[in-house]
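These notes concern the structure reproduced below.
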Amino acid sequence: RKMGGLSMKWASLAALTLQTSGQALMIKWSKSRNHDGQAYLSSTVVFFVEVLKFLTSFVLVVVETGGFSSALDCLSCHLMKSRTDLLKAAVPSLIYTIQ
1204 RKMGGLSMKW
1214 ASLAALTLQT
1224 SGQALMIKWS
1234 KSRNHDGQAY
1244 LSSTVVFFVE
1254 VLKFLTSFVL
1264 VVVETGGFSS
1274 ALDCLSCHLM
1284 KSRTDLLKAA
1294 VPSLIYTIQ
């Protein structure tokens, strides 16, 4: 499926690459600009960035499948009915969480 002349695979890669690059730059910028003594935890930023990545990815799945319910069906099919796909998603997620 195409989105604006790009395949969904490349659009997803571009969106998540820009988002991740922007995250690193924004964290550095905000830490350097924070002079009033109110620090924040970097883990809080990472949590909200992961929420943003989830939402971005889900929106791209909704666009690719053509609707919200079909996106949920697609995710359910790939993650709940296929042990291999579930492990492909779960193992890196668990390692990332432990890290």
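Counting in this note's numbering, the sequence shown runs from 1204 upward without gaps.
Glycine included, C-beta positions come from ideal geometry on N, C-alpha and C.
- For the 8 Å CB-CB criterion, residue 1230 and residue 1246 do not form a contact.
- For residue 1275, the enclosing alpha helix (DSSP H) stretches over residues 1271-1283.
- Sequence-distant Cβ neighbours of residue 1274 in its own chain, meaning closer than 6 Å and more than five residues away, are 1264, 1265 and 1268.
- Spanning the alpha carbons of residue 1258 and residue 1232 requires a straight line of approximately 24 Å.
- According to the DSSP assignment, residue 1293 belongs to the alpha helix (DSSP H) that extends over 1286-1301.
- Annotation for residue 1252: 1226 place their beta carbon closer than 7 Å to its own, counting only its chain and skipping 5 residues before and after.
- Going by DSSP, residue 1258 is part of the alpha helix (DSSP H) stretching over 1245-1268.
- Taking the Cβ atoms as the reference, residue 1282 lies roughly 11 Å from residue 1276, outside the contact range of under 8 Å.
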